[in-house]
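Position in the sequence shown (first residue = 1) + 552 = the working numbering.
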Amino acid sequence: MIFRLNDDDIQFPPVELAEEDGLLAVGGDLTEERLLQAYHLGIFPWYSEETPILWYSPHERFVLFPDRVKVSKSMKQVLKSGKFTITEDRAFSKVIMACAEAEREGQDGTWILQEMQEAYNKLHKAGFAHSVEVWFNNELVGGLYGVRVGKVFCGESMFSRISNASKSALIWMCQHKGYQLIDCQVHTEHLESMGAEFISREQYMAFLNS
Numbered sequence: 553m554i555f556r557l558n559d560d561d562i563q564f565p566p567v568e569l570a571e572e573d574g575l576l577a578v579g580g581d582l583t584e585e586r587l588l589q590a591y592h593l594g595i596f597p598w599y600s601e602e603t604p605i606l607w608y609s610p611h612e613r614f615v616l617f618p619d620r621v622k623v624s625k626s627m628k629q630v631l632k633s634g635k636f637t638i639t640e641d642r643a644f645s646k647v648i649m650a651c652a653e654a655e656r657e658g659q660d661g662t663w664i665l666q667e668m669q670e671a672y673n674k675l676h677k678a679g680f681a682h683s684v685e686v687w688f689n690n691e692l693v694g695g696l697y698g699v700r701v702g703k704v705f706c707g708e709s710m711f712s713r714i715s716n717a718s719k720s721a722l723i724w725m726c727q728h729k730g731y732q733l734i735d736c737q738v739h740t741e742h743l744e745s746m747g748a749e750f751i752s753r754e755q756y757m758a759f760l761n762s
């Protein structure tokens with residue numbers, strides 16, 4: 553059963569009632585209060601211009617344990633070389649815009665719509681959303697952004713304009729930020745090759761609440 557959210561009430565239905573694909577509810581808005589409530593419950597928005605706001609809570613979560621991240625020999629050489637300069641929260645709005653503009657195989661357009669960019673920029677200014685930037689010759693060439701919930705980083709998207717830039721951002725986060733878990737949300741072969749795996753919703757919620 554898919555629930556329609558009340559515009560005047562930020563409460564979500566129990567996540568166990570989500571559809572097989574994880575879809576739990578539709579409607580509502582992207583206010584700071586509602587977004588934070590969602591993330592603390594293991595729910596995230598994912599939709600397009602053709603749909604209302606869709607809220608998901610997958611029965612299985614695709615995650616990366618930072619201490620299990622796989623770093624290939626070639627990536628170790630890239631990181632050791634100092635080719636990239638990596639920063640945090642220096643250019644959040646540029647990172648989310650670049651993620652929205654990035655072309656992705658099998659994807660027509662972007663789900664990071666203007667209203668979503670505005671909402672997450674507000675979350676960033678409030679101290680809840682963060683970015684990692686990768687620079688080459690003072691040019692932004694890669695990065696990622698997401699929302700922090702305690703010791704869990706809920707990754708939203710990443711982009712790379714040159715080879716290994718987004719990988720460098722993710723590995724840097726795994727090695728320097730002290731997260732217990734990075735939520736990748738959606739399975740990709742790229743992330744699986746770096747060590748991401750599926751865990752149950754119950755396991756995921758235990759990390760969120762720890």
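Ideal Cβ positions, reconstructed from N, Cα and C, are used throughout, including at glycine.
Less than 8 Å separating the beta-carbons of residue i and residue j?
| i | j | result |
| --- | --- | --- |
| V701 | Y591 | yes |
| S720 | L696 | no |
| I734 | F711 | no |
| F614 | F750 | yes |
| V693 | V699 | no |
| F555 | Q589 | no |
Roughly how many whole angstroms lie between the Cα atoms of residue i and residue j?
| i | j | result |
| --- | --- | --- |
| S715 | D561 | 44 Å |
| A654 | S762 | 34 Å |
| C736 | V621 | 13 Å |
| L557 | E612 | 23 Å |
| Q732 | N689 | 32 Å |
| Q666 | L587 | 16 Å |
| E572 | L582 | 24 Å |
| R753 | D641 | 29 Å |
| G747 | Q755 | 17 Å |
| Q727 | S745 | 17 Å |
| K646 | A652 | 10 Å |
| S624 | S709 | 22 Å |
So, with DSSP's three-state summary, where would you put residue i?
| i | result |
| --- | --- |
| H682 | strand |
| Y697 | strand |
| P618 | helix |
| I723 | helix |
| Q563 | coil |
| I648 | helix |
| L665 | coil |
| S709 | strand |
| Y591 | helix |
| S745 | helix |
| E691 | strand |
| A643 | coil |
| E770 | Given a span of 553 to 762 for the chain in the structure shown, any question on residue 770 remains unanswerable. |
| L760 | helix |
| A577 | strand |
So, at 8 Å on beta carbons, what are the nonlocal neighbours of residue i in its own chain, with the 5 sequence-adjacent residues on each side left out?
| i | result |
| --- | --- |
| P604 | V578 and G579 |
| A678 | E584 |
| K569 | Reading the sequence as shown, one finds Leu at residue 569 and not Lys. Only M553, F555 and L576 meet the Cβ criterion. |
Residues in the same chain with beta-carbon distance under 7 Å from residue i, minus the five sequence neighbours each way, listed in chain order, please.
| i | result |
| --- | --- |
| Y599 | I605, L606 and W663 |
| W724 | I638 and V684 |
| V567 | L576, L593, G594, I595, S609 and R753 |
| G707 | L696, G698, I734, D735, C736 and Q737 |
| F680 | L588, V699 and R700 |
So, for residue i: in the same chain, excluding its five sequence neighbours on each side, which residues have a beta-carbon less than 6 Å away from its beta-carbon?
| i | result |
| --- | --- |
| Q669 | I648 |
| G661 | Confidence at G661 is low in this model, with a pLDDT of 49, below 50, so the placement of that residue is unreliable and no value is reported for it. |
| F644 | H676 and S683 |
At least three beta-carbon pairs within less than 8 Å, the region 631-639 to the region 735-752: no
Meets three-Cβ-pair contact criterion under 8 Å: the region 624-632 and the region 671-688: no
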